[in-house]
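The sequence shown begins at 3 in my numbering and counts up by one.
Idealized CB from N, CA, C, for every residue including glycine.
Predicted, not measured: the structure shown is a model, and the values here were computed from it.
For reference, the structure is listed below as structure tokens.
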Amino acid sequence: MSRIVVGADMSQSSSIGNESKGGAAFLEMVLRQVKEAVEITNAGDDVYEVLRVPKRTLTVSIPVRMDNGEVKVFMGYRVQHNNARGPYKGGIRYHPNVDLDEVVALAMLMTYKCAVVDLPYGGAKGGVACNPKVLSKSELERLTRRYTYMIYDIIGPYVDIPAPDVYTDAQVMAWIMDTYSQLKGYLTPEVVTGKPVYLGGSEGREEATGFGTALGAREAVKHLGLNMSNLTIAIQGYGNVGYYAAKYLAEWGGKIVAASDSKGGIYKPDGINVSALLEYKKKTGSVVGFPGSKTITNEELLGLNVDILIPAALERAINKDNADSIKAKIISEGANGPTTPEADKILREKEVFIVPDVLANAGGVTTSYFEWVQNLKREKWSRSEVLSKLENKLVAAFKDTLAYTKRFEVDMRSAALCLAVDRVGLALKTLGVWP
Ligand code: GLU
3 MSRIVVGADM SQSSSIGNES KGGAAFLEMV LRQVKEAVEI TNAGDDVYEV
53 LRVPKRTLTV SIPVRMDNGE VKVFMGYRVQ HNNARGPYKG GIRYHPNVDL
103 DEVVALAMLM TYKCAVVDLP YGGAKGGVAC NPKVLSKSEL ERLTRRYTYM
153 IYDIIGPYVD IPAPDVYTDA QVMAWIMDTY SQLKGYLTPE VVTGKPVYLG
203 GSEGREEATG FGTALGAREA VKHLGLNMSN LTIAIQGYGN VGYYAAKYLA
253 EWGGKIVAAS DSKGGIYKPD GINVSALLEY KKKTGSVVGF PGSKTITNEE
303 LLGLNVDILI PAALERAINK DNADSIKAKI ISEGANGPTT PEADKILREK
353 EVFIVPDVLA NAGGVTTSYF EWVQNLKREK WSRSEVLSKL ENKLVAAFKD
403 TLAYTKRFEV DMRSAALCLA VDRVGLALKT LGVWP
């Protein structure tokens, strides 16, 4: 008889239930930022009362038959924060540190992100505590399909539309779509976004988040009256977002001098060839050791003397212990929640221009929206059409946010949250409370 293992191996299984693994501090940070925005905009206590908690939280324990015959149980979550402006929308993250508080915080950020870019969506997030790097492809498929089955009742094209996030990709989305479609009895591509292009995915979705992060930096450069040509750039986190941000910034004349991943970083003052670095990382599993570069730590990367810093790894990477060392003039946040409030204060005092996560990484969900619209209308748009629509949306959101910095005399992060809280608050007040 096979064994059932629950939470025995911390590299694989998560905490059971709501035991916090760091998500609590992240949640507290997001709530603080939102409370501040509610106060600045005078949105009112009723609005905060509704926004401080998610509308629905589902926790599931997912049994998976591993390749060696054992059964392991993984903890999974789907959190639906708010849907006043439209169906819930947000990615699914596979990471060993996923916990409920983290997923709640990320779901909240989705509500505000969708509102900043003015998408007709609310906010949600999902997560499974697992380490996909040590799972085989068939284990990952069984995990994904069982998780989809367990959240099936609360997702749907007009209810809640998942998408990729950290360590999930187009293949995982295809399994979600297929499982949902099998259960429904007909093909339902519009239940999930970030699918492969040949299965209803959108052209441009793969590069969308990084492209948006690069656009955020580009608009900041323009706003500050600088010229991109030869500005130096450091990328923390050379995954999908970090790579595409680097690619576009380099195309526009910027010089990428440093990059990192979970194994460490590299510094190459004469400039990094971004596609050669991607190839190298694919081959060796890390950026470390890239020919001609000096090995540095992630902390050292943050403190480099560069013009633009792109944090594109995980939350809370920039904190009170390293914020002081930052020399960049511009930060465009590719990751969700990379800057703690303490670090934010230090950076504000240093007059660093921060393009906040809800704006700088909104390219992903904006292109998800385009994918969903194409699916619902049974249309297919070209890559250039998608990227130009995306650019228009993000540049408009940047301008709207900038206008709020003037209106309330606040920095870009507060302005973006004020804009979002204004939009969500207006929807909430107009809809009222039923019954
Ligand atoms: N996971 C991405 C984010 O955090 C994309 C979400 C989506 O496309 O729904 O914004």
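Best match in the options for proximity to residue i [C-alpha to C-alpha]
i, options, result
"residue 1", "378, 364, 61", "Outside the shown range of the chain, which is 3 to 437, sits residue 1, and nothing can be said about it."
"residue 221", "423, 24, 414", "414"
"residue 396", "74, 285, 218", "218"
"residue 43", "375, 428, 435", "428"
"residue 58", "149, 161, 330, 272", "161"
"residue 275", "260, 266, 68", "260"
"residue 74", "148, 303, 84", "148"
"residue 186", "151, 391, 252, 64", "151"
"residue 334", "277, 280, 248", "248"
"residue 355", "324, 416, 265", "416"
"residue 266", "300, 371, 405", "300"
"residue 404", "226, 72, 64, 83", "226"
"residue 324", "337, 310, 338, 303", "303"
"residue 213", "435, 401, 336", "336"
CB-CB length for residue i against residue j, believed under 8 Å
i, j, result
"residue 94", "residue 128", "4 Å"
"residue 308", "residue 236", "5 Å"
"residue 134", "residue 79", "The pair is not a contact, with the Cβ atoms about 16 Å apart (cut-off 8 Å)."
"residue 215", "residue 330", "With 8 Å as the limit, residue 215 and residue 330 do not qualify as a contact, their Cβ atoms being about 14 Å apart."
"residue 117", "residue 91", "About 11 Å separates the two Cβ atoms, so there is no contact after all."
"residue 426", "residue 87", "6 Å"
With 16 other Cβ atoms within 10 Å as the buried cut-off, status of residue i
i, result
"residue 432", "exposed"
"residue 346", "buried"
"residue 294", "exposed"
"residue 103", "buried"
"residue 423", "buried"
"residue 207", "buried"
"residue 54", "exposed"
"residue 45", "buried"
"residue 233", "buried"
"residue 204", "buried"
"residue 229", "exposed"
Ligand 3 heavy atom lying under 7 Å from the CB of residue i
i, result
"residue 84", "Judged by which ligands are present, ligand 3 is missing from the structure shown, whose ligands are ligand 1."
In the region 181 to 208, which residue ranges form an unbroken alpha helix (DSSP H) of at least 4 residues, counting only runs that do not cross its ends? none
Mind listing, in chain order, the continuous alpha helix (DSSP H) runs of no fewer than 4 residues lying wholly within the region 70 to 147? 102 to 118
May I have a chain-ordered list of the beta strand (DSSP E) segments no shorter than 3 residues that lie completely inside the region 318 to 342? 332 to 334
Would the region 172 to 182 and the region 336 to 343 be scored as touching if the rule is three or more Cβ pairs under 8 Å? no
Is the region 236 to 247 in contact with the region 312 to 323, if contact means three or more CB pairs nearer than 8 Å? yes
Just list the beta strand (DSSP E) runs in the region 240 to 318, keeping only unbroken ones of 3 residues or longer that don't cross its boundaries, in chain order. 257 to 263, 266 to 269, 296 to 298, 310 to 313
Check whether the region 111 to 125 and the region 189 to 202 touch, using three or more Cβ-Cβ pairs below 8 Å as the test. no
Note down, one range per segment and in chain order, each alpha helix (DSSP H) of at least 4 residues found wholly within the region 361 to 405. 365 to 379
Do three or more CB pairs link the region 68 to 86 to the region 134 to 151 at distances below 8 Å? yes
Is the region 378 to 397 touching the region 248 to 257, taking contact as three or more C-beta pairs under 8 Å? no
Which runs of the alpha helix (DSSP H) fall wholly inside the region 37 to 74 and span at least 4 residues, in chain order? 47 to 53
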